[in-house]
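What follows is a set of notes on a single structure, which appears directly below.
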Amino acid sequence: MRTIGSGGWWVGLAIAGGVALCTSAARAQETPTAFINARVIPIDGAEIDRGYVIVRDGKIVAVGAGDAPGQGRAERAEVDCAGKVVMPGLVDTHSHIGGIGGADGSGPIQPGVRVRDSINVRDSGFRRALAGGLTTVNIMPGSGHLSSGQTVYAKLRFGDEVRTIDDITIWNEGHTPAGGLKMANGTNSQRGGGGAFPGTRGRSAFLVRNAFIKAQEYKQKLDAARREDGSVDESKLPERDLDMEVLVEVLEGKRVVHHHTHRHDDIMTVLRLADEFGFRVVLHHVSDGWLVADEIASAHAGVSAILVDSPGGKHEAVGLRFETPGVLERAGAVTALHTDDWITDSRLLLRMAGLAVRGGMTRQGALESVTIAGAKLLDLEDRVGSLTPGKDADLIILSGDPLSVYTVVEQTYVEGRLAFDRSRPDDRLHAMGGYNAATDTEPYFCCYDAEMKHAAGLAQSGGGQ
Amino acid sequence: MSMGLSSVGVRAMACATAWGAMAWLGAGAEAQVAVRARIIHTMAGTPVRDGVVLVGADGKIERVGAGASVTIPEGYEVIECAVLTPGLVDVRTTVGLTGMYNVDQDQDVLEPGAPMQPELRAVDAYNPREPLVGYIRSFGVTTVHTGHAPGALISGQTAIFKTRGDTVDAALVKRDFAVTATLGGGAMAGGDKSPGTRAKQVEMLREKLIKAQEFARKDAAKADDASEEGEGKDAKPPARDLAMEALVDVLKGPNTKPLIITANRAQDIASALALGREFGITVWLDMASEAYLLLDELRSDGGPVLLHPTMYRAWGETSNLSLETAKILADAGITFAIESGYEGYVPKVRVVLFEAAAAAGYGGLGFERALAAVTIIPADILGIADRVGSIEVGKDGDLAMYDGDPFEYTTHCVGVLIEGERFPGELEYEIKYP
Chain A
5 MRTIGSGGWW VGLAIAGGVA LCTSAARAQE TPTAFINARV IPIDGAEIDR
55 GYVIVRDGKI VAVGAGDAPG QGRAERAEVD CAGKVVMPGL VDTHSHIGGI
105 GGADGSGPIQ PGVRVRDSIN VRDSGFRRAL AGGLTTVNIM PGSGHLSSGQ
155 TVYAKLRFGD EVRTIDDITI WNEGHTPAGG LKMANGTNSQ RGGGGAFPGT
205 RGRSAFLVRN AFIKAQEYKQ KLDAARREDG SVDESKLPER DLDMEVLVEV
255 LEGKRVVHHH THRHDDIMTV LRLADEFGFR VVLHHVSDGW LVADEIASAH
305 AGVSAILVDS PGGKHEAVGL RFETPGVLER AGAVTALHTD DWITDSRLLL
355 RMAGLAVRGG MTRQGALESV TIAGAKLLDL EDRVGSLTPG KDADLIILSG
405 DPLSVYTVVE QTYVEGRLAF DRSRPDDRLH AMGGYNAATD TEPYFCCYDA
455 EMKHAAGLAQ SGGGQ
Chain B
30 MSMGLSSVGV RAMACATAWG AMAWLGAGAE AQVAVRARII HTMAGTPVRD
80 GVVLVGADGK IERVGAGASV TIPEGYEVIE CAVLTPGLVD VRTTVGLTGM
130 YNVDQDQDVL EPGAPMQPEL RAVDAYNPRE PLVGYIRSFG VTTVHTGHAP
180 GALISGQTAI FKTRGDTVDA ALVKRDFAVT ATLGGGAMAG GDKSPGTRAK
230 QVEMLREKLI KAQEFARKDA AKADDASEEG EGKDAKPPAR DLAMEALVDV
280 LKGPNTKPLI ITANRAQDIA SALALGREFG ITVWLDMASE AYLLLDELRS
330 DGGPVLLHPT MYRAWGETSN LSLETAKILA DAGITFAIES GYEGYVPKVR
380 VVLFEAAAAA GYGGLGFERA LAAVTIIPAD ILGIADRVGS IEVGKDGDLA
430 MYDGDPFEYT THCVGVLIEG ERFPGELEYE IKYP
């Protein structure tokens with residue numbers, strides 16, 4: 005199996021390939037902003053008691069201790085963060101915000117379905133996620149399938165310029181949306197059996213194995229159509245099959261499998277299939293991960309774990325323990341945490357990092373689990389996940405220590421732009437909840453005025469009838 | 030919580046607490062225990078620094094005081110911890126009627142078939158060996174008010190238990206305590222069955238309570254008949270009716286049997302309060318997601334609020350809940366306690382320690398008021414403050430021990446006492462799969 009998140013060959017490939025972020029929000033040169041007098045948690049280095057972060061044009065340009073160069077005199081905006089903590093925007097490796105829908109009941113394996121085609125960017129879930137300090141999210145299609153479709157990696161930009169899913173999508177080079185493939189096993193994808201859906205674990209694995217064998221055959225046809233000079237003999241191409249095309253991407257290591265799996269034997273089944281077909285996999289949820297931590301680590305699989313407040317709720321999750329992230333960390337697995345929103349609330353992802361420490365994870369490991377570890381698992385570590393010069397200026401300002409129950413996210417910046425500010429009434433509403441907080445974004449607050457102005461502009465320019 | 034692995038390094042952390050290495054098994058209720066703590070939140074006056082609590086052989090608290098002022102008698106086992114609180118009281122849960130596996134065989138929360146079944150009793154359904162009972166205890170919860178879940182117009186009668194004991198009788202504090210009802214979208218029958226609307230729900234409850242009034246009248250006539258010449262001497266005593274008997278008690282008011290109505294939307298909260306006015310009883314509200322919209326009404330007509338878990342999901346009926354409702358209620362002077370409530374999926378049981386922590390921090394309620402909302406206030410609401418909810422001489426020796434601020438995410442509950450009997454904290458608690 006190929007390595008996840010530990011510097012294997014594919015990481016180099018991903019960097020060489022260049023995961024390009026959306027360029028539609030290109031902006032004019034901006035004056036820099038310096039966040040000063042902050043306790044800085046850069047993630048890629050030691051915590052700084054009093055330091056600064058300077059951002060410009062949506063990128064981090066400098067991070068350091070003490071005064072920022074020219075502090076108080078330079079031509080730039082300065083945000084005084086005395087008494088506050090500045091750290092990278094959080095990365096959530098598994099979320100269902102956006103009113104998502106994925107595969108339907110017509111079959112258990114539907115890789116061709118794209119969650120991107122279902123997302124409402126005005127969903128209040130995005131506001132709550134920003135209130136929790138999230139800036140990068142892997143939005144997954146829903147549950148109940150062996151494969152419910154393609155996930156999308158999103159940047160939680162917010163404001164009038166966010167009009168469609170395109171405006172928050174993270175793009176690969178070639179303008180294809182970045183994302184993985186959602187898969188699941190265990191009881192999640194079983195529906196009694198006897199029909200299209202499996203009723204047992206054995207049939208679940210058989211169906212997946214069968215699909216990947218078909219994909220291998222499909223890939224052989226694709227390869228056979230390729231001439232020695234690299235051009236394609238279109239007469240030899242197989243009929244297009246959207247499901248197969250995605251599975252071929254998985255076989256080629258271009259698309260990561262994000263695999264729901266809880267019970268220890270189900271985890272091992274995922275590792276077995278990944279080894280058999282050579283796909284890259286991130287294990288999600290892993291309630292029983294503590295039982296097979298060494299196996300996970302030696303397979304170089306990534307882990308995206310969740311902690312909920314009690315074990316059970318379904319049979320395969322009775323092994324859930326707060327200790328799991330720490331056990332996986334000690335075993336050497338790259339371990340991230342995810343909200344699975346709405347299973348847990350996006351506003352409380354830092355709480356989960358705190359609970360991971362409660363269960364024995366190191367502080368650094370826990371802070372990485374909601375930042376750089378997730379970035380690695382999404383192939384985005386060259387862009388997000390730490391306060392490293394050159395990376396996107398995604399950062400959050402906290403009222404205190406990130407792992408304290410008494411701390412709140414005060415501001416969230418996405419690519420240098422203020423996307424959440426707890427002091428703004430509408431942002432506070434989404435941070436706290438309250439009347440109408442869970443409905444779609446209020447037009448008054450975000451879009452309606454702008455839309456009306458836009459419409460008036462169209463009418464004036466003769467675009468209207 | 031222990032994972033049965035010695036290699037995971039968690040045990041070592043547990044043993045860093047002064048008493049982590051002590052044996053749990055064999056600790057009987059007869060043990061005399063002295064608990065030393067750097068800070069004791071007694072919930073009866075200001076916290077005691079560097080204090081000691083003595084729990085006697087009868088399981089009751091004998092002494093509470095600053096360490097220097099308390100001589101620990103010979104033969105008392107000494108336990109040390111950083112922070113000591115009263116055992117936590119969960120004002121409304123379904124634990125013990127809901128089990129960890131969430132399969133038919135361990136879910137006794139809702140009886141299908143009829144929308145109103147006040148005759149059902151939690152005492153006949155509570156499983157004291159349910160692993161989730163021990164699980165919440167391992168975080169400091171020592172008393173639970175539990176029963177059938179929201180979701181039926183009238184779901185049954187609750188009971189209060191300590192989170193210990195292998196039998197219902199050994200765990201029981203109060204049986205048949207309150208009748209639970211639900212208004213709103215959560216309690217529709219579906220299809221062409223009743224109730225199918227909010228109005229019908231209220232009408233059905235009204236009719237049932239009127240029937241209970243009539244039942245009580247006939248019962249009273251029977252009692253008159255016993256005095257020979259009473260007018261009702263020819264009146265036939267009504268046949269026993271367990272549902273009616275429960276509702277007759279409800280009509281006597283919350284001191285006899287509280288009526289707890291789960292209502293989230295403001296209009297359902299208003300309907301619950303109006304129903305209470307109509308029958309001259311003070312209704313207790315459960316969940317109450319939109320309570321912040323009706324503060325004046327709650328102050329004038331409402332009983333205590335059994336407030337939704339702070340981190341409950343905002344969706345459907347609870348779409349408008351706020352993480353700061355606890356603070357809003359506290360500021361308005363409305364009596365409330367924070368509950369773990371009911372979850373149909375995950376987390377199968379919520380832990381009031383965590384819900385109070387979220388209210389304290391994220392919700393702005395603050396430490397003292399949040400701790401009160403899961404200790405002395407629920408004890409008061411449930412009428413058991415003579416036994417639990419604070420650390421005072423004569424009360425049950427129910428104590429929760431922590432290695433730091435109980436609400437911090439990274440703190441651990443390192444042990445629990447219930448009437449002097451020792452139980453493991455979260456790092457040592459081992460789930461026994463039933």
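Line by line, the protein sequences are chains A and B. Offset between the first sequence (1-based) and my numbering: plus 4. Offset between the second sequence (1-based) and my numbering: plus 29. In this text, a Cβ means the ideal position worked out from N, Cα and C, and glycines have one as well. All values derive from a computational prediction rather than experimental measurement.
Take A/Arg426 and list the residues in its own chain whose beta-carbon comes closer than 8 Å to its own, dropping the five residues that flank it on each side.
Ala135, Val412, Val413, Glu414, Gln415, Arg432 and Ala435
Cβ of A/Gly317 within 8 Å of any chain B Cβ
yes
How many angstroms separate the CA atom of B/Gly282 from the CA atom of B/Gly85?
37 Å
Which one or two residues does DSSP pair with A/His288 in a beta bridge?
A/His264 and A/Ser308
Residues in its own chain within less than 7 Å of B/Thr440 by CB, not counting five upstream and five downstream?
Tyr431, Asp432, Gly433 and Asp434
Among B/Ala389, B/Ser419 and B/Gln146, nearest to B/Lys356 - alpha-carbon criterion:
B/Ala389
Of all the options B/Ala366, B/Tyr374 and B/Glu457, which has the alpha carbon lying nearest to the alpha carbon of B/Arg121?
B/Ala366
Contacts of B/Phe436 in chain A (Cβ-Cβ under 9 Å):
Val409 and Tyr410
I'd like to confirm the pairing. Which residues does DSSP put opposite A/Trp175 in its beta bridges?
A/Pro181
At which residues does the alpha helix (DSSP H) containing A/Thr37 begin and terminate?
Element bounds for A/Thr37: not the alpha helix (DSSP H) but the beta strand (DSSP E), Thr37 to Val44.
I think B/Leu118 touches B/Pro407, with their Cβ atoms under 8 Å apart; what is that distance to the nearest whole Å?
According to the sequence shown, residue 118 of chain B is Val rather than Leu. Right, their Cβ atoms sit about 4 Å apart.
When you compare the CB of B/Asn349 with every CB in chain A, is at least one pair closer than 8 Å?
yes
Compare the beta carbon distance of A/Ser99 and A/Thr343 with 8 Å and say whether it is the shorter of the two.
yes
When you compare the CB positions of B/Leu382 and B/Gly169, do they come within less than 8 Å of one another, or not?
yes
Please list the terminal residues of the continuous beta strand (DSSP E) segment that includes B/Thr71.
Per DSSP, B/Thr71 belongs to no beta strand (DSSP E) and is neither H nor E.
Where A/Tyr448 sits in the DSSP three-state scheme:
Confidence in A/Tyr448 is poor, its pLDDT being 43 and thus under 50, which makes the residue's placement too unreliable to answer from.
Anticipated Cβ contact below 8 Å, A/Thr173 with A/Arg131, distance rounded
Incorrect: roughly 18 Å between the Cβ atoms, too far for contact.
Apart from the five residues just before and just after B/Val422, which ones in its own chain have a Cβ nearer than 7 Å to its Cβ?
Ile90, Glu91, Arg92 and Val93
In angstroms, rounded to a whole number, what distance separates the CA positions of A/Cys451 and A/Leu138?
With a pLDDT of only 49 at A/Cys451, under the threshold of 50, the placement of this residue in the model should not be trusted; the figure read from the coordinates follows. Their backbone Cα atoms lie some 21 Å apart in a straight line.
Considering only residues of the region 166-222 of chain B, which uninterrupted alpha helix (DSSP H) runs meet the minimum length of 4 residues and lie entirely inside it, listed in chain order?
197-200
Nonlocal neighbours in the same chain, by C-beta distance under 7 Å from A/Ala460, ignoring five residues either side
none
Distance CB(B/Leu323)-CB(B/Leu358) smaller than 8 Å
no
Could you check the C-alpha separation between B/Val208 and A/Gly364 for me, to the nearest Å?
42 Å
Rounded C-alpha distance that separates A/Leu462 from A/Ser408
50 Å
Just to confirm before moving on: does the CB-CB distance between B/Glu326 and B/Ala361 stay below 8 Å?
no
Runs of alpha helix (DSSP H) lying entirely within the region 385-450 of chain A, each at least 4 residues, in chain order
429-436
Presumed contact (8 Å Cβ cut-off) between A/Phe283 and A/Leu255, rounded CB distance:
6 Å
What does the Cβ neighbour count give for B/Lys377, buried or exposed, with the cut at 16 atoms within 10 Å?
buried
Answer with yes or no whether the minimum CB distance from B/Arg67 to chain A is below 8 Å.
no
Rounded to whole angstroms, how far is the Cβ of B/Thr172 from the Cβ of B/Val202, which I believe are closer than 8 Å?
7 Å
Among B/Arg150, B/Thr71 and B/Val99, the one whose alpha carbon lies nearest that of B/Thr114:
B/Thr71
Could you check which residue in A/Gly68, A/Leu353 and A/Gly93 has the C-alpha nearest to that of A/Glu398?
The amino acid at residue 398 of chain A is misidentified as Glu; the sequence shows Asp. Answer by Cα proximity: A/Gly93.
Beta-carbon separation (whole angstroms), B/Thr211 vs B/Thr291, contact threshold 8 Å:
4 Å
I want to know whether the region 264-280 of chain B touches the region 239-250 of chain B - three or more CB-CB distances under 8 Å.
yes
Taking just the CA atoms, how far does B/Asn349 sit from A/Ala442?
6 Å
Does the distance from the C-beta atom of B/Gly116 to that of B/Ile447 stay below 8 Å?
yes
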